[in-house]
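The sequence shown lines up with residues 35 to 153 when you count with the numbering used here.
All C-beta atoms in this analysis are idealised placements derived from N, C-alpha and C, irrespective of residue type, glycine included.
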Amino acid sequence: MRLEIIKKNLSITEFSVLEVLYNKGKQTIQLIGNSILISSGSMTYVIDKLEQRGLLNRSACPDDRRVIHVTLTDEGIDLMKEIMPKHQELVDYMLGSLNDDEAEIMVKLLKKISKRVKS
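What follows is the structure, given as structure tokens:
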């Protein structure tokens with residue numbers, strides 16, 4: 035999977051932004067940053083780079099001009115459709131080494147961490 039990201043000239047952070055948009059659809063910059071745990075300053079830089087590459091678009095929220103929505107372009111969607119199956123294979127392979135009890139513990143731990151991050 036890492037090789038696929040490198041082939042497409044994406045950093046892990048850039049891939050993470052695209053993944054959030056691919057899986058969740060339109061998001062604000064703040065929500066994306068919260069999802070992948072990076073600062074707003076870093077988010078702006080990453081969003082700028084991906085927008086310059088034609089992989090995503092920014093648009094002002096009609097209800098609140100302070101809010102910027104981000105969506106994938108058709109090119110961004112096509113890229114993620116190409117990369118995501120390989121990414122899912124890797125995740126399945128890595129998690130496939132866990133038995134049911136270990137997987138359940140991991141889910142509980144990740145939920146616990148997620149709650150801390152969101153607070």
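In this structure, DSSP gives Ser76 a helical state, which the three-state scheme calls helix. Judged by DSSP secondary structure, Thr47 falls within the alpha helix (DSSP H) whose first and last residues are 46-58. Per DSSP, the continuous alpha helix (DSSP H) segment holding Val125 begins and ends at 108-129. Taken atom to atom, the span from the alpha-carbon of Arg150 to that of Gly130 is near 27 Å. By the neighbour-count criterion, in which 16 or more other beta carbons inside 10 Å mark a residue as buried, Met114 falls on the buried side.
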